[in-house]
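Before any comments, here is the structure.
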Amino acid sequence: LSENRETPVEVIGDDGLPTLESLPVANAFQETVRSQEATYGTLISALAKTTLSSKDPNHHQDEEFKKFTAKDDHGVDFVFHSLPERQPWVQLTFDSPYLISAFELKNRATLPERAEGIELQRQLPDGSWKAVWQSKGPEVSWQVDLSKDPAPTREATAFRFVVNKEEETYLHLSQVWLWGRKSDRQQTAPGRAAVAVAHNSSSWSPGTVSGLGLWLDGADLTSLTATAGNVSQWNDKSPNQYHAYALSPAVQPQIGTLHVNGKHALEFQTARLVSKTPKRGNWQDLYIVADWNGAERFGNYNGLFTGFGEGIGIVGNSQDAGTSLWLQGRWWTSLYVNGTASDGANVLGTLAKPFLLSCSADRAIEVPGYSIGNDRNHVQPSNRRPWDGAICEIVAFARKLTESERHQLEGYLAHKWGLTAGLPTDHPFKEKAP
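Residues in the sequence shown are numbered consecutively from 457, following this note's numbering.
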């Protein structure tokens with residue numbers, strides 16, 4: 457890059473963005489883009505909220521990650537580091553649709569080959585992703601002019617750089633500069649309308665409760681990575697970003713096939729989503745909205761939510777009558793089904809229609825990651841333990857909530873998913889959401 461880095465006084469325009477004159481010239485490509493505002497717009501990358509598919513605790517620092525969208529070239533080799541995973545990504549989300557026109561992306565110079573297969577994608581209104589640009593091979597940096605591409609193919613509220621590989625790999629990049637302008641079409645962001653309907657009676661949400669450890673929301677399509685209805689990743693809305701992903705296309709759940717209270721739910725039959733992080737997960741207070749669409753008895757220890765590899769959470773008991781939950785070795789001590797205390801016996805009839813289940817432990821627990829839709833790692837054809845039904849929402853906390861807080865969670869989920877009829881008559885949020 458050019459060493460010509462003047463540092464003029466920054467001037468803010470009427471739109472709240474730095475004017476052309478206030479921005480330093482970094483290289484010939486950026487100089488060209490910045491000198492043709494009518495074609496390329498302005499530098500918009502710093503306006504976006506940036507999120508990651510995962511964070512490697514040994515190499516990632518949140519303070520460094522803030523440099524990813526810095527306007528000046530900082531010269532750091534990489535500012536974030538994912539865990540080894542399928543299709544790792546870094547996402548830029550705006551508060552309204554933008555039309556992008558050009559970008560420069562700096563790779564990690566010391567290991568550029570790890571970005572082989574990287575592409576820029578935009579999120580479609582149905583929550584799926586479509587490629588805007590695909591790299592031809594690993595480079596130290598990419599300078600890409602998109603201005604001649606049809607406008608609809610480069611317009612969205614959310615964009616992401618993703619290494620589009622089925623095998624596990626890392627993603628670590630240095631910096632991005634993205635140019636564009638607000639779209640003339642002020643369309644609703646993917647999934648936003650569904651969330652607004654779900655929350656229209658209250659501003660309260662699980663994010664207002666301290667200790668939030670995991671939040672997976674099937675009604676929020678922006679949290680799903682899906683192709684043709686096949687979900688490869690379900691993003692954690694908590695600050696921890698413990699995203700769930702499918703280990704292979706063969707075990708991807710479906711979206712768009714099942715709905716509960718008019719909202720999207722993920723369909724699991726032989727599907728399974730997992731997270732290998734955190735290594736010591738404390739799902740001390742767990743809330744799940746789901747249903748069972750399988751047989752009239754549990755067939756083979758069907759798992760709804762467990763640890764990855766070990767840790768017995770919510771698992772069907774296929775012994776005896778096959779209508780109860782498995783109790784031996786479980787991590788929880790208290791169980792509530794639709795807001796009523798339960799010992800886990802003979803609950804299958806209640807679970808055969810949309811239900812709200814919560815369980816808590818009196819002390820902190822430690823289990824490796826989590827598995828959704830299957831009991832731990834029992835996935836071989838001869839010993840599969842899959843959940844057969846819809847999974848709508850999962851919320852977990854790293855502490856045991858108070859009774860008042862539990863009631864709030866139950867009320868929020870029951871009103872959102874249309875389950876208030878099942879709440880006890882004296883439940884404080886039976887008639888009105890928190």
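For every residue, glycine included, the Cβ atom is placed at its ideal position computed from N, Cα and C.
Rounded to the nearest angstrom, what separates residue i and residue j at their Cα positions?
i    : j    : result
A937 : W748 : Outside the shown range of the chain, which is 457 to 890, sits residue 937, and nothing can be said about it.
A808 : T525 : 48 Å
N559 : F811 : Reading off the sequence shown, one finds Phe at residue 559, where the question assumed Asn. Cα-Cα distance, rounded: 46 Å.
G829 : Y496 : 46 Å
V481 : S509 : Per-residue confidence for V481 stands at a pLDDT of 42, beneath the threshold of 50, marking its modelled position as unreliable; the derived number appears in the next sentence. So the two alpha carbons sit approximately 32 Å from each other.
V618 : E493 : 28 Å
Q631 : H516 : 15 Å
G765 : A797 : 28 Å
Q579 : T613 : 7 Å
Q543 : S591 : 15 Å
E752 : H883 : 29 Å
G734 : Y626 : The sequence given here places Pro at residue 734; Gly does not occur at that position. The alpha-carbon atoms of P734 and Y626 are separated by roughly 17 Å.
G767 : S816 : 14 Å
V793 : T806 : 8 Å
F521 : V535 : 5 Å
R841 : L499 : 50 Å
R786 : W739 : 12 Å
W782 : E624 : 33 Å
T876 : E519 : 43 Å
Q710 : A484 : 46 Å
Does the distance from the CB of residue i to the CB of residue j come in under 8 Å?
i    : j    : result
L879 : E861 : no
V730 : Y826 : yes
S501 : W633 : yes
V546 : W635 : no
S780 : Y757 : no
L804 : I770 : no
S679 : N696 : no
D831 : G750 : no
F853 : L668 : yes
V707 : C848 : no
G759 : V823 : no
A721 : G674 : yes
D818 : K856 : yes
N620 : G663 : no
N717 : G593 : no
L548 : T609 : no
V600 : W589 : yes
L555 : S639 : yes
L629 : K527 : no
S694 : L670 : yes
Y701 : E541 : yes
Per DSSP, what kind of secondary structure is residue i in: helix, strand or coil?
i    : result
E487 : helix
K586 : strand
R862 : helix
E887 : coil
T726 : coil
R648 : In this predicted model, R648 has a pLDDT of only 33, less than 50, meaning its place in the structure is not dependable; the value taken from the coordinates is given anyway. In this structure, R648 counts as helix in the three-state DSSP scheme.
W635 : strand
R616 : strand
D518 : helix
K505 : strand
F754 : coil
A558 : strand
A607 : helix
Y496 : helix
F524 : helix
T664 : helix
Can you tell me whether residue i is buried or exposed, with buried defined as 16 or more other CB within 10 angstroms of its CB?
i    : result
R736 : exposed
E723 : buried
H834 : buried
A650 : The predicted model places A650 with a pLDDT of 32, which falls under 50 and marks its position as unreliable, so this point remains unresolved.
A820 : exposed
G531 : exposed
S584 : buried
S552 : exposed
L742 : buried
L714 : buried
E611 : buried
A654 : Confidence at A654 is low in this model, with a pLDDT of 34, below 50, so its placement is unreliable and the value that follows should be read with caution. The residue is buried, with at least 16 neighbouring Cβ atoms inside 10 Å.
A565 : exposed
Does at least one heavy atom of the ligand ZN sit under 7 Å from the Cβ of residue i?
i    : result
V771 : Summarising the ligand content, the structure contains no ligands, and the ligand ZN is consequently not present.
For residue i and residue j, which I take to be in contact (beta-carbon distance under 8 Å), what is that distance rounded to the nearest angstrom?
i    : j    : result
I850 : F761 : 7 Å
P890 : W660 : 5 Å
Hey, does residue i have any beta-carbon neighbour from chain D nearer than 8 Å?
i    : result
Y698 : Considering every chain present, this structure includes no chain D. It has just one protein chain.
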